[in-house]
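Input: a single structure, listed below in structure tokens.
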Amino acid sequence: MHTNDTHAALDNMPKTVTAVKDVRAEKPDSLLLHAGDVFTGTLYFNEFHGQADLAFMNLMGFDAMTFGNHEFDLGSSPEGHQALADFIKGAEFPFVSANVDFSNDDKFNGLFNDFITEEIENGQIYNGIIKEVNGEKVGIFGLTTEETVDISSPGSIAFENYLQQAEKAVEAFEAEGVNKIIALTHIGFDDNALVDNDLILAEAVEGIDIIVGGHSHTTLSEPVVVSKDATPTVIVQTGNANSNLGVLDVVFDENGVIIEHAGELIAIGSQKDDQEAAGILAPYKAKVDEVAKEEIGVSTPLELENPRTNGDDTKPSVRKNETILGNLITDGMLIKAREFTGQNVVMALQNGGGIRAAIDAGPITVGEVITVLPFANTLATMEVTGSELKEAFEISLSRYPGENGGFLHVAGGKVEFDSTKPAGERVVEIYIKDANGNFVPVDDNTTYTIATNAFTAKGGDGYDVFAKAYEEGRVTDLGLSDWENFRDHLISVGSEGIPTEIEGRIVDVNSIPNEEPITVVVKPERKGNKYQIDADLLSKVEKEATVIVEISEQKNTIISLNGGAIAKLKEADGNLVISNGVFDLQIPASNLPDGATDIKVKEVKVKDKSALVVYDFTINSMGKDYSFRKEVTLSFTIDSKQVKNPEDVKVLYEAKKAWELVGGNYNEGKITVTTDRLGTFGAFEK
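In this text, residue positions in the sequence shown follow our numbering: the first is 714, and each later residue adds one.
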């Protein structure tokens, strides 16, 4: 029997005890092995530092355990690895660890034995042990991932090459006449091949018959057999969080080679609670339930919703829409990944299906945080190209407007998509923030570091593009608890930092309103050759409106705006257009001078081109002339119908090109000339 990565998930442990007893009732000589990561994951660990877990392990009678990376999480605490040392001392079983050197940490003096033995003492660490099962000697040794140095806090504890130490262990067992060998590993089934994993171990080291694995949280519903040499290797793993109890039966031939095997996972949940185990759990659970009610010191002004459609795709859902809760979670992931790795992590992603509950308005409790993220997921970083990132978001948006558990919430960037396009062609653009906080499009051929949970990073929810990255060793599991990251982020932003609305991180461009520009037409009264505009005429001007001032004078005139009118236009931050039916003069309101302003329009006669209409403009404010060569763009539209000689239209068009006036176009009988030069257009005669 075997388990791994239980991560202090103790609520169902009385049911696991029942499952173990059921197997032993049928097969009393069965071994019971743990492949590491008892530590870290729930409030049971936060409160009891492994002692609650140990009570159940002793009750079930484990035969051996190896160390996971999380067993070393407390190394940076003021007490160092005292909790781990106490865990080992209290164990009524031994520990196996062939590639971990504890000799430089005094807390393990008297606990660490750098050899293989048949003389086993409980509460001791050995490279390997020899057990007798049904009259046959079986060797068991342990391995822990070398990544522990980077993803945990081992301090002075050292980690050696897993392949070299595995070969030494096999040789040591064979020297003792043992040819039935189990590797109890915490290196991952198919984890980063550049570091270590079970598949490579099985291929590279001959003589290992069984690998009982952990670390990658892989649920192997059936054993995997690697037969690259004369001794096939059977690999098993149960997943994580006490979700399954693994059972494996093997038959050896006289040479110690497996000739038959049968394995399965027993799902934990439907069993009746073992009464003795339930009694052990009760005081621990009472304390944990009490802590779960504790407030984290942060209040939210509104409910952090976790909506679902319940079959009505017109409704919002955490599985298809941006949410405040999703933004908070991914913000915390992004910050933690950057701080922990020191790398330029550009984006964080959280699958909507992993967000399981809302948080009520008011004080936030520890229990609420855990309920939001209950799966004991860990934070991972991943190297992906811009092209792969787009492929991932195509998967994320493939079922829209239907729900998708793999829908990705985002921090560090934004995604624009078009829901009218077919699935696989919906991503319009993906942006990340540059060093100045500006959004820039991702480049297909550039490699980016992103953060997500380990479940998604390994290809969960159908993300084959991420699974490929994982298989190629481009994923690093940082081993940081997702709910603890979220709690820490909420505390860091505080009550005042809880947002009250979404930010437009995931936008359907098809849903953006296609509003007509706001236009206000003003027809001021003419007095002589002057048109006066005051604030009253602009009372209906709204934000970003275009104000068109229509005048009838087509020769020489003045458009006079008093200070109130200027202030109104600047407040609206729109555009001012002067139009007399022949030309349109457009000036952004932000470029108008402060105070009363006169815009003078003078018709210029063109030599030998009397039919061509050309104007000169001057803007004067409070006695000063202003030049807007760089600050303002003027646009003029001249209707060719006003030009009697068709050749003059050609002259005007050619002149525009000759004078390098940008943006001009000739369309449907009209010439539009746009320039940043404010001056006499009589030069067209040249």
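Idealized CB from N, CA, C, for every residue including glycine.
On a predicted model such as this, the values are computed, not experimentally measured, just so you know.
Boundaries of the beta strand (DSSP E) harbouring S1012: E1008 to T1013, taken from the DSSP string.
Boundaries of the beta strand (DSSP E) around T1259: T1259 to E1263.
The count of Cβ pairs closer than 8 Å, one atom from the region 1273-1290 and one from the region 1252-1259, reaches three, so the stretches are in contact.
Each residue's CA atom was taken as its position, placing T1084 and A1071 some 8 Å apart. Between the C-alpha atoms of H794 and N812 there is a straight-line separation of about 18 Å.
Per the C-alpha coordinates, the member of V964, I1068 and N835 positioned closest to I894 is V964. The Cβ neighbour count for V918, taken over all protein chains shown within 10 Å, is at least 16; the residue is labelled buried.
Between Y1144 and the set D735, K1134, Y1161 and N771, the nearest pair of CA atoms involves Y1161. The region 973-985 and the region 1161-1174 do not touch, with fewer than 3 CB-CB distances between them shorter than 8 Å.
Using a 10 angstroms sphere on the CB of N953, the tally of other CB atoms reaches 16 or more, which defines it as buried. Straight through space, the alpha carbons of S1273 and G1336 are spaced by roughly 13 Å. Under DSSP, A975 shares a beta bridge with D962.
Less than 8 Å separates the beta-carbon of G754 from that of H720. Taking the CA atoms as reference points, A906 sits about 42 Å from E1214.
Between the alpha carbons of G992 and F1179 lies a distance of about 43 Å. When DSSP reads this structure, A1061 sits in a beta bridge with A1124 and A1164. At the C-beta level, A1280 and A1302 stay beyond 8 Å of one another.
Leaving aside the five residues that flank K1006 on each side, the residues in its chain whose CB is nearer than 7 Å to its CB run, in chain order, T1078 and G1080.
V949 is not a Cβ neighbour of M1095, given a cutoff of 8 Å. Relative to the Cα of F800, the nearest Cα in the group D750, I843 and G841 belongs to D750.
Closest in C-alpha terms to S866, from the list G1241, F1053 and G1065, comes F1053.
Distance between V947 and L933, taken at the CA atoms: about 11 Å.
H899 has T857 as its beta-bridge partners, per DSSP. Shortest Cα-Cα distance from N968 to any of L797, G920 and S1111 involves G920. In this structure the region 856-873 lies against the region 775-794, because at least three pairs of beta carbons, one per stretch, are closer than 8 Å.
At least 8 Å separates the beta-carbon of F761 from that of F752. Leaving aside the five residues that flank T931 on each side, the residues in its chain whose CB is nearer than 6 Å to its CB run, in chain order, F902 and Q950.
The DSSP-derived three-state label of N1223 is helix. Assignment of D814 by DSSP, reduced to helix, strand and coil, places it in the strand class. Residue pairing for F825: DSSP places it in a beta bridge opposite I838. DSSP places S1109 in the uninterrupted alpha helix (DSSP H) bounded by G1099 to S1109. The DSSP-derived three-state label of H1202 is helix.
Apart from sequence neighbours up to five positions away, the residues of its chain that approach R737 with a beta-carbon distance below 7 Å are S743, ordered along the chain.
Relative to the Cα of I1108, the nearest Cα in the group G763, F1130 and E1016 belongs to F1130. Straight through space, the alpha carbons of F828 and K1127 are spaced by roughly 55 Å. Listed in chain order, the non-local C-beta contacts of A1089 below 6 Å within the same chain comprise H720, G754 and A954, local neighbours out to five positions each way being set aside.
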